[in-house]
Structures are given as C-alpha cells and as structure tokens.
Amino acid sequence: MFELPHGDPIDSLFDGSALNEVVEFECGIISSYKPKSRSPCAHRIVAGGHIVGWLADAEENKHYVGGHAAKARLVELEDAHELRHKAYALLLEEIRSLIDGVPECLADPALMGTLGLAGRRLPAATHDWPLVVDVLESETGVIAALAFEDGVLIHSSGETPADPDALSADLDAQLRGMDALTQLMGASPAPWYRQAFDEHEMTVARDGSAGLALWTTGGADPMTLLMNAAGMIEPSENEADSEVVAPANGFIVREGKGGVDSLISMLSTAKTEEITGHLKSEGKGESVSILLIDGLPSGIYSKADGLETSIRDISSPSADLQLHRLERAARLTLGRGNIDGFTLESMCHSIATVRTRSESRRDLLIDRLDRLYRFEMGMDMVDSAKGQWRLLDTGGRATAKILPSSAAGKVLQPEERQILDRIRRLEEDKIGLERDRGRLERMLEEEQTQRTQSDETLAQKAALLEESTN
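Written as structure tokens, this is what we have:
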C-alpha cells in the first residue's frame, strides 16, 4: 500500500508482532513488509508507547482498510507471511497531523482525547462539500446527502427524509444542542454525530457552523463513504480567466539580504512561528512571494514564467527578503498563487538546484530542506496516493470476528472490548504503581542518606565531647 511519512529510523529492537500494542519507543510508525516486497502491506501508528492506529492493504486491488479491520487484516498477513517490520520516530504533533490526514486508522474513539484530537475530521475543505454531496449520490447505500451552513441549505442530492431546507435547520439546531451538552460536560464538540433508526442512519460531519449530512441504509459505513468521497475531490486550481492578485503587505517579522541560505533560514522561521502570510523578495527584478499558511508554503505569486524562474528570482543574492505576517483570516484569500505545478517537493528541488553547480553543495541543501519539510512532503505523498486507493467498506466492523490460528501454534482469540479495556486500565495502574515505587525508593534513599549524615555528626560530637572531658 502507500507509504506514510518517515521520521528518523529506529534501530533499537522492538516487538513487531501483530498482537503487540505496547512498544519500546514513544511516538512514530511501524511499517510491515511481505518477504521480498519493497512496498509496505500495513502500517501501525504509535503514540505514548501504544499502538493507536492501523492501516493495511485489503485483498481487493487498490483497496485498504483501517482501524479494527486493519488490525485483523495485519494478523492474517502475519499468519500467512514472515513479515519484516521497520520503525520510524515522529513527534507527537506530527502524529496528530498524520491522524488528521488518515483518521480512518483509529480503532478506539477514546484515544482521540488522549492525543488531543476532537475526532475524525472530513479531509475536505467546507467549500468543497457540495462536490462531496454530488459524489456521494452514486455510492451504494447512500439514500441522500446535503450540505448546510448556519441552518441554511447549500446543496442536496437524493431523497432526503424531509424537506431539505427544513432538515438543514433542524440538523443545525440539533448540533447546537449537542454542543451545549458537551460544553456542560466539559468536553470538546465532536466533528461527527451519528443517529441510528430502524433501517436507516443519519450521520452529520461538521466544521464550525457548516455541516454535511448523510442519510444511509443500515448496513452502510457512512464514515467510509464520506472519506472516499472526500478523497475523490481534486484540489481546486485557478480558473483560466480568474485574476490572481499579489498578497497584501503585512507586519514584517524578519528581513535581510537574499541568497539560498537566507531563503531557507526565512522559511525555517516561518515554519517555527507558524506564520500565515508570505515571504517576499524586493530588488531590481520583479518581486516574488512564497505564500504561507500556518508556516507552510502553499503556492507562489510571481510575474515570472514557471516555478524555477520564480525560485531563481527570490533566491538571488542581490534581492532583499521580507517575511510578512498577515491576519489568520488571510488564509482564505492567499490561495495557491499563480504558478502552476507548485508542490512542496518541487519547490525544495528548485531551491536546491537552480543556483547550485556543486553536487556536495546540492546534497547539503537537499538534506537541509528534507529535515525542514520531510514530514509535510510525506503527507503530500499520502494525499496523492489516497486519490488512487479506496477505503474498503466493511460496515464499520472488522473483517474477521475470530482471528485465524497461527502456524506457530498459538491460538488467536476473538477481541473482547471489555478485556481490552481491562488490560489498558491494568497497564495504566502498573505505570502509576511503578511511579509510586520510584518515588518511595527515592524518599527511602534520601532518608538513609540523612540518617548516615546524622550518625556521622553524632559520632563527631561524641568524639569532641570525649576530648573535652579528657
């Protein structure tokens, strides 16, 4: 299946067996490979030393499964093949971003709070939701779909169970009521709500005041349907007759002379400070702006023709660089600029090559840019790959209730949620007891040290007293 973003490889030994859910490193991914295969067949996502997410290729071509289904599929693959496992370290923030990109990997909703996630978010911008509604209309198991905002219908398709306008207002009121309830309970509003009826089910995905409702038959998996539909939406490109204007000037966070090294340093500052704005070059030639959203380049605005020419201009040693910060609302208008074919990978390649002839210098620049944007470029590859893969609809259930017996003779038991919860609670209790034990051992050591010091002081005083009496 497709690759996940790679961090630094973990060379230390770890237990990569399919049933193991506790590993020896804090955060990262474990990719599994069949013998003689260069492409992974499964991934596991690690946070806090525990496996929190699963992805695996399905038996059907260009299909994959996630969550409990991927967990069961991994055991089947391990039983049939001698799998190889490779582990890579990631930061916790990168794990959160990864799960935002592949939310179908989560098997336990309770883990989302542990990771600081509100829940599975639909991987599509709200302005693309009407397109998602049209894609959903042709899916098996979908009766109707509609998109709304602030209770006002935006678009609908299929036979809704009530008038679309009235249904939009009712669903918005229901979301507000659920938000009030979760706030009263001290929880964060969930981005998904599901309500089951006798033979049908209503699922509502929401982002702020916007909502996307899906009316399905009882056997369908609405989350899988929504994920697949969202994955089929291509990112919007600039229309041929649309006018793209230069970004406005903002607060100058940093400025300095140009050059490739200065350009990379400015981009590093933008990422560290999560700047929404643009990095602009001023000089004798035409100005060029690298557009930034939350610190990451999203496009280029330039009057030059082509990406390489724009990068050559902005990396000129004679240019002056200015890093502009705009209001966060500007992310809605920055867009992708006017240079076609922009990707993070193509930008990094151009920065490393357009003004460099030495191979060693080029390798050094590639390494710097890879360390700066390695995870983000990996996520771009995931987004691109998911356009060619489909999440298999398992009806929200694992592909196997009872897992197969292993060739090694161990019998794999059915998963029981209560047992898993009990094991997790026992593991948490064990960690707490180990911490208490360590604290008590430190206190005992301190007491013994103080006692030894007191005995030495008492002996010294006794010696002085004996000398004084003599």
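The sequence shown lines up with residues 12 to 481 when you count with our numbering.
We treat Cβ as the ideally placed atom computed from N, Cα and C, and that holds for glycine.
Bear in mind that the values here come from a model prediction, so they are computed numbers and not experimental data.
{"Asked": "Buried versus exposed call for valine 63 [16 or more other C-beta atoms within 10 Å across all chains shown]", "Found": "buried"}
{"Asked": "C-beta contact flag for leucine 274 and histidine 74 at 9 angstroms", "Found": "no"}
{"Asked": "Local Cβ density within 10 Å of aspartate 19, reported as buried at 16 or more and exposed below that", "Found": "exposed"}
{"Asked": "Local conformation of valine 143 per DSSP, three classes", "Found": "helix"}
{"Asked": "Cα-Cα separation between leucine 345 and proline 141, rounded to whole angstroms", "Found": "22 angstroms"}
{"Asked": "Nearest-angstrom beta carbon gap, alanine 91 and cysteine 38 [assumed within contact, 8 angstroms]", "Found": "The Cβ separation is near 29 angstroms, so there is no contact."}
{"Asked": "Beta-carbon spacing of glutamate 387, leucine 355 below 9 angstroms", "Found": "yes"}
{"Asked": "Cβ-Cβ separation, aspartate 324 to glutamate 297 (assumed contact under 8 angstroms), whole Å", "Found": "7 angstroms"}
{"Asked": "Nearest-angstrom beta carbon gap, serine 168 and valine 144 [assumed within contact, 8 angstroms]", "Found": "5 angstroms"}
{"Asked": "Closest Cα partner of leucine 15 within the set Leu94, Leu380, Glu457 and Gly389", "Found": "Gly389"}
{"Asked": "C-alpha distance - aspartate 10 paired with glycine 348, whole-angstrom precision", "Found": "Beyond the ends of the chain as shown, which are 12 and 481, falls residue 10; an answer cannot be given."}
{"Asked": "Neighbourhood of alanine 67 by C-beta distance below 6 angstroms, restricted to the same chain and skipping five residues each side", "Found": "Ala53, Val76, Ala81, Arg84 and Leu85"}
{"Asked": "Other residues of its chain near arginine 95: CB distance less than 6 angstroms, five sequence neighbours each side excluded", "Found": "Tyr44"}
{"Asked": "Opening and closing residue of the beta strand (DSSP E) in which threonine 228 lies", "Found": "221-228"}
{"Asked": "Nearest-angstrom Cα separation, counted from glycine 269 out to arginine 446", "Found": "52 angstroms"}
{"Asked": "Straight-line gap, glutamate 266 to leucine 332 (C-alpha atoms, nearest Å)", "Found": "5 angstroms"}
{"Asked": "Within the segment 312-357, ranges of the alpha helix (DSSP H) (whole runs, at least 4 residues)", "Found": "318-325 and 342-345"}
{"Asked": "Reference threonine 228; option with closest CA among Ala156, Ala470, Met234 and Glu210", "Found": "Glu210"}
{"Asked": "Euclidean distance between Cα positions of alanine 158 and glycine 449", "Found": "55 angstroms"}
{"Asked": "Glutamate 150 versus alanine 29 - alpha carbon distance", "Found": "33 angstroms"}
{"Asked": "For alanine 224 and tryptophan 203, believed in contact at Cβ under 8 angstroms, the rounded distance", "Found": "So it is not a contact: roughly 11 angstroms between Cβ atoms."}
{"Asked": "Backbone CA spacing between glutamate 439 and lysine 97 [nearest angstrom]", "Found": "27 angstroms"}
{"Asked": "Within the segment 140-197, ranges of the beta strand (DSSP E) (whole runs, at least 3 residues)", "Found": "153-160 and 163-169"}
{"Asked": "Under 9 angstroms between C-beta atoms of isoleucine 165 and tryptophan 226", "Found": "no"}
{"Asked": "Lysine 441, buried or exposed, once every other Cβ within 10 Å from all chains shown has been counted against 16", "Found": "exposed"}
{"Asked": "Histidine 360, DSSP secondary structure in three states", "Found": "helix"}
{"Asked": "Sufficient close CB pairs (3 or more, under 8 angstroms) joining the segment 278-286 to the segment 310-320", "Found": "no"}
{"Asked": "Exposed unless 16 or more other CB atoms sit within 10 angstroms - verdict on lysine 291", "Found": "buried"}
{"Asked": "Spatial distance of alanine 221 from arginine 187 (CA atoms)", "Found": "11 angstroms"}
{"Asked": "Same chain, Cβ closer than 7 angstroms to methionine 392, five either side skipped, listed in chain order", "Found": "Glu14"}
{"Asked": "Beta-carbon proximity check, isoleucine 311 vs isoleucine 350, cutoff 9 angstroms", "Found": "yes"}
{"Asked": "Proximity below 9 angstroms, CB of isoleucine 110 to CB of leucine 117", "Found": "yes"}
{"Asked": "Cβ-based neighbour list, tyrosine 384, same chain, cut-off 7 angstroms, excluding 5 preceding and 5 following", "Found": "Leu355 and Cys359"}
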